[in-house]
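Enquirer:
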Amino acid sequence: MTPQVSVIIPVYNVGKYLEKCLSSVVEQTFTDLEIVVVNDGSTDDSPQIIARFARQDSRIVVIDKSNEGLAYARKSGVEAARGTYIYHLDGDDYLEPDAIELIYAQARETDADMTIAPFVIDYPETGQSQHSLVPGRESYTGLEYFSEIAFTRAHWSVFSYLHKRNLYDHVTFCKGLSYGEDVYLTTQLTYYSSRIAVIKGKPLMHYIIRNSSITNSRFSEQKARDILLYPDLVNDFFKDKPEYNLLQKELGAIRIQAYNTLLSKRWFKDAHRLSRESLAILRQYPDLRNVPQIRAFRKLFTLYAHSRVLGRLYAQYYICKKKIK
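The sequence shown begins at 103 in the numbering used here and counts up by one.
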């Protein structure tokens, strides 16, 4: 019998946190689940933990594969999934006990292609947490919601969506892309969604940010490449779509925010050129200065566009100031 929901969990060396993640899914109040766990070449004790849970719960499907990165781990999970709906959960995050029940009920009630759930961002090292952004409306078209995300009024986070599996009839994955994979995948999912529903209320999922996470770990050439790549992937996706010309402001906002991410990570290679590109976009779309994540960095890339030395000095000052706060 076909399960209603397939929960796809990519796993790579998260043995310390995996038991909490898997327990939170196995113990869901909604039981019509298929749990697809993709071991992406882990070298820690993650495979043993997965095997133990699989012996105890017949709903768990295990995929063992060589390491190819987050995007292809998700791709493998989607290809194996049989559920009417897909839910992505990273192996070091976890769900509230009734999360799937509530988000599934909303999806069925509204017949939404995607249903968006609130979540909490937890920082275990500091004990701090913050709630996710709450979109202003309860219903959107796919392109309306894409604009909300591009202008930072909602999240790219794939783990906060329940969505119909048939959306993947049109979706492609970029092999090896880790930083920015959610952006590229969400762009496609929202585009092919006719109706997107938003749940208001308590957070249903915990997104964990640790010093060792993809988002927060040591910066590298690979991450810089990914950050420069994903705005191009999004742009190329829309290039042959009839809405391409109407979405130039959104695409510009996404590109500027990607460049800002590089500067915030103290990645100053090509910062002069990238800052000049950001300013050119802002000259074309001046109201993008009101987007918080763009406004926060505008002075920095303005200085960088005119002086590499001044830009670097201000960057060090700005980043130190943000850390003190």
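Backbone N, C-alpha and C define an ideal beta-carbon position, used for all residues, glycine too.
1) From Tyr309, Pro344, Arg297, Ala373, pick the residue whose C-alpha is nearest to that of Arg210; which is it?
2) Assuming Gln150 is part of the alpha helix (DSSP H), what are its boundary residues?
3) Starting from the C-beta of Asp134, find all residues in its chain whose C-beta is less than 8 Å away, skip the five residues before and the five after it, and write them out in chain order.
4) By DSSP, does Ile298 sit in helix, in strand, or in coil?
5) Between Val127 and Ile110, is the Cβ-Cβ spacing less than 8 Å?
6) Counting C-beta neighbours from all protein chains within 10 Å, is the total for Ser262 16 or more, i.e. buried, or is it exposed?
7) Would you mind working out which of Ser249, Arg239, Glu181, Ser234 sits nearest Ile356, comparing C-alpha positions?
8) Should Lys277 go down as buried or exposed, given a rule of 16 or more other Cβ atoms within 10 Å for buried?
9) Does the region 337–354 touch the region 297–306, meaning 3 or more C-beta pairs lie closer than 8 Å?
10) Mind listing, in chain order, the continuous beta strand (DSSP E) runs of no fewer than 3 residues lying wholly within the region 246–333?
11) What residues in its chain sit with their C-beta under 6 Å from that of Asp147, if we drop five residues either side in the sequence?
12) With distances taken from CA atoms, which of Gly185, Ala398, Lys266 is nearest Thr212?
13) Please report the distance separating the alpha-carbon of Gln150 from that of Ser125.
14) With contact counted as at least three CB pairs below 8 Å, one residue from each stretch, are the region 273–287 and the region 251–261 in contact?
15) Scan the region 197–252 and note each continuous beta strand (DSSP E) run of 3 residues or more that stays entirely inside, going in chain order.
16) For Val138, which three-state DSSP category applies?
17) So the candidates are Leu331, Tyr206, Arg312, Trp369; which of them puts its Cα closest to the Cα of Ser322?
18) In the DSSP assignment, what are the bridge partners of Asp500?
19) Cα-Cα, which of Pro220, Lys343, Arg239 is closest to Gln232?
20) Of the choices Ile202, Asn392, Arg154, whose alpha-carbon is the least far from that of Asn359?
21) For Gly185, does the count of other Cβ atoms within 10 angstroms reach 16, so buried, or fall short, so exposed?
22) What three-state label does DSSP hand Tyr114 in the structure shown?
23) Does the beta-carbon of Ile383, which I'm using as the reference point, lie nearer than 7 Å to any heavy atom of the ligand FMN?
24) What are the partner residues of Ile188, as DSSP defines its beta bridges?
25) Going by DSSP, what residue range makes up the alpha helix (DSSP H) through Tyr174?
26) Report all residues from its chain with a CB closer than 6 Å to the CB of His86; omit the five preceding and five following residues, and keep chain order.
27) Applying the 10 Å Cβ sphere with the 16-neighbour rule, what's the burial state of Pro333?
28) Sort Phe253, Ile396, Glu345 by Cα distance to Asn362 and report the nearest one.
29) Quick one: using the 10 Å Cβ neighbour count with 16 as the cut-off for buried, is Phe157 buried or exposed?
30) Look at the alpha carbon of Lys343 and the alpha carbon of Gln290, and state the distance between them as a whole number of angstroms.
Expert: The answer reads as follows:
1) Taking the sequence shown and counting its residues from 1, the one referred to as residue 210 is at position 108. The shortest Cα separation from Arg210 among Tyr309, Pro344, Arg297, Ala373 belongs to Arg297.
2) Sequence index remark: in the sequence shown, residue 150 carries index 48 (1-based). Segment 148–158, the alpha helix (DSSP H) holding Gln150.
3) The sequence position of residue 134 within the sequence shown is 32, counting from 1. Only Pro105, Gln106, Val107 meet the Cβ criterion.
4) Looking up residue 298 in the sequence shown gives position 196. Residue state, collapsed to three classes: strand.
5) Against the sequence shown, residue 127 aligns to sequence position 25. Against the sequence shown, residue 110 aligns to sequence position 8. No. Outside cutoff.
6) Against the sequence shown, residue 262 aligns to sequence position 160. Buried, since its Cβ has 16 or more Cβ neighbours within 10 Å.
7) As a working note, residue 356 is residue 254 in the sequence shown. That would be Ser249, whose Cα lies nearest to the Cα of Ile356.
8) Residue numbering aside, residue 277 sits at position 175 when the sequence shown is read from its first letter. Its Cβ having fewer than 16 others within 10 Å, Lys277 is exposed.
9) no
10) Counting only runs of 3 or more residues that sit fully inside the region 246–333, the beta strand (DSSP E) segments are 263–266, 298–300, 307–310, in chain order.
11) By 1-based counting over the sequence shown, the position of residue 147 is 45. These residues qualify, in order along the chain: Gly117.
12) Here residue 212 corresponds to residue number 110 of the sequence shown, with the count starting at 1. Closest option to Thr212, Cα to Cα, is Lys266.
13) Locating residue 150 in the sequence shown gives position 48, where the first residue counts as 1. Locating residue 125 in the sequence shown gives position 23, where the first residue counts as 1. If I take the Cα positions, the gap works out to 15 Å.
14) Two segments are said to touch when three or more pairs of C-beta atoms, one from each, lie closer than 8 Å; by this definition the region 273–287 touches the region 251–261.
15) 216–218, 221–225, 230–233
16) By 1-based counting over the sequence shown, the position of residue 138 is 36. Annotated three-state conformation of Val138 is strand, per DSSP.
17) Position 220 of the sequence shown, counted from the start, is the residue given in the question as residue 322. The residue from Leu331, Tyr206, Arg312, Trp369 with its alpha-carbon nearest to that of Ser322 is Trp369.
18) Past the boundaries of the shown model lies residue 500; the chain is included only from 103 to 427, so the question cannot be answered.
19) Your numbering for residue 232 matches position 130 in the sequence shown. Per the Cα distances, Pro220.
20) Counted from its first residue, the sequence shown places residue 359 at position 257. Note that residue 359 is Gln in the sequence shown here, rather than Asn. Closest by C-alpha distance to Gln359, out of Ile202, Asn392, Arg154, is Asn392.
21) The residue given as residue 185 occupies position 83 in the sequence shown. By the 10 Å Cβ count, Gly185 comes out buried.
22) Position 12 of the sequence shown, counted from the start, is the residue given in the question as residue 114. In this structure, Tyr114 counts as coil in the three-state DSSP scheme.
23) Ligands displayed in this structure: none; no statement on the ligand FMN is therefore possible.
24) Locating residue 188 in the sequence shown gives position 86, where the first residue counts as 1. For Ile188, which the question treats as bridged, DSSP gives the partners Ser108, His265.
25) In the sequence shown, counting from the first residue as 1, residue 174 sits at position 72. First-last of the alpha helix (DSSP H) with Tyr174: 172–182.
26) Summary: the structure shown does not reach residue 86, with the chain confined to residues 103 through 427, and so no result is reported for it.
27) Walking along the sequence shown from the start, residue 333 turns up at place 231. Looking at its Cβ environment, which holds 16 or more other Cβ atoms inside 10 Å, Pro333 is buried.
28) Numbered from 1 along the sequence shown, position 260 holds the residue referred to as residue 362. It is Ile396.
29) As a working mapping, residue 157 is identified with position 55 in the sequence shown. Sequence inspection shows Arg at residue 157; the Phe mentioned does not correspond to that position. When all chains shown are included, Arg157 counts as exposed.
30) Numbered from 1 along the sequence shown, position 241 holds the residue referred to as residue 343. Numbered from 1 along the sequence shown, position 188 holds the residue referred to as residue 290. Cα-Cα distance, rounded: 12 Å.
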